[in-house]
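All remarks here apply to the structure that follows.
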Amino acid sequence: MEYETRAIILNRQDINEYDEIISALSENGKITFFAPGVRKSTSKNNLNLQLYSLVNLEIIESKQKKLMPRLKRASLIKQIPINIMLKREYDDIKYFFSKITSSTKALIIIDAFLECIDYLAEAKNKVISYLLYKIIKVEGLAPRFDGCVECQRKEHLVDFEFHRGGFLCTFHSQSSKSISLLRSLYWLNTTYTSFSDSCSFYDASLIRKMLIQYLIEVI
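What follows is the structure, encoded as structure tokens:
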């Protein structure tokens with residue numbers, strides 16, 4: 002059987018002289034497939050399989066269950082220039098995207114990736130924060146943004162904790178966060194553009210740390 006799917010390339014492993022085994026987050030969930038001859042200088046597929054790029058894959062599934070699906074053709078949709086200064090960002094994408102297994106969840110993440118990845122170099126913490134929040138959301142762990150999670154109070158909100166489920170008022174938290182950070186967290190649950198326009202680079206770095214800490218605990 003042959004099928005097509007969009008996918009984000011997450012890992013490439015050399016085997017044999019010219020072949021690779023490739024892992025990707027696709028519209029069908031996480032997939033691993035055999036890519037014959039992609040390291041040959043004449044391979045048309047090689048340049049379209051750069052790490053973290055969004056591609057369209059044509060995959061052939063074997064009738065024998067023991068054999069890995071095989072790549073027929075890869076077409077580039079969005080190339081992500083590799084920048085050594087963004088290694089941590091690539092590592093975060095690879096690690097957390099590899100946790101996504103279902104096709105429904107993967108489709109949402111791929112659409113979010115396409116929405117914001119062009120801004121990675123200029124606003125890395127904003128982009129990674131937005132993508133990590135999308136993972137939390139598709140996993141059914143999204144916090145509440147419409148008031149205190151304990152009493153639903155909409156006034157005197159002073160804190161926000163992912164592990165407690167969202168905003169907290171003065172009656173339910175002894176800690177507090179800056180108004181700018183709380184506002185940025187609120188806009189996280191909108192589009193990338195709205196979040197980016199409303200969030201400072203400093204607040205984005207704090208949100209990224211909060212999200213990573215929470216995700217490591219829950220997935």
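Letter by letter, the sequence shown follows residues 2 to 220 in the working numbering. The beta carbon of each residue, even a glycine, is placed where N, CA and C say it ideally should be. All of these numbers come straight from a predicted model, not from anything done at the bench.
Asked	Found
Per-residue burial, MET211 [other beta carbons within 10 Å of its own, 16 or more giving buried]	buried
ASN29 to GLU123 span [Cα, whole Å]	30 Å
The alpha helix (DSSP H) enclosing GLN80, as first and last residue numbers	It is not in any alpha helix (DSSP H) - GLN80 carries neither H nor E in the DSSP assignment.
Three CB pairs or more closer than 8 Å across the segment 193–213 and the segment 127–143	yes
For LYS79 and LEU115, believed in contact at Cβ under 8 Å, the rounded distance	6 Å
Beta-ladder partner(s) of LYS41, from DSSP	DSSP lists no partner for LYS41.
Rounded separation between LEU133 and LEU189 - CA only	10 Å
Backbone CA spacing between ILE10 and TYR53 [nearest angstrom]	5 Å
Simplified DSSP assignment, three categories, for VAL139	helix
Cβ neighbours of SER195 in the same chain (closer than 8 Å, five flanking residues each side left out)	TRP188
Beta-carbon spacing of ALA36, LEU77 below 8 Å	no
Within 8 Å, strictly: CB atoms of ASN57 and GLU5	yes
Coil, strand or helix - ARG89 by DSSP	helix
Three or more C-beta pairs below 8 Å linking the segment 170–182 and the segment 85–101	no
Alpha-carbon to alpha-carbon, MET2 and PRO82	33 Å
Buried or exposed (CB count within 10 angstroms, at least 16 for buried), GLU18	exposed
Classification of PHE34 by the beta-carbon crowding that lies within 10 angstroms, buried from 16 upward	buried
Close Cβ partners of ASP160 (< 6 Å) along its chain, the five nearest in sequence each way excluded	LEU169, SER174, SER176, SER177 and LYS178
Residue span of the alpha helix (DSSP H) that contains TYR203, given as start and end	202–219
Sequence-distant residues of its chain with Cβ nearer than 8 Å to GLU140 (five each side left out)	LYS106, VAL219 and ILE220
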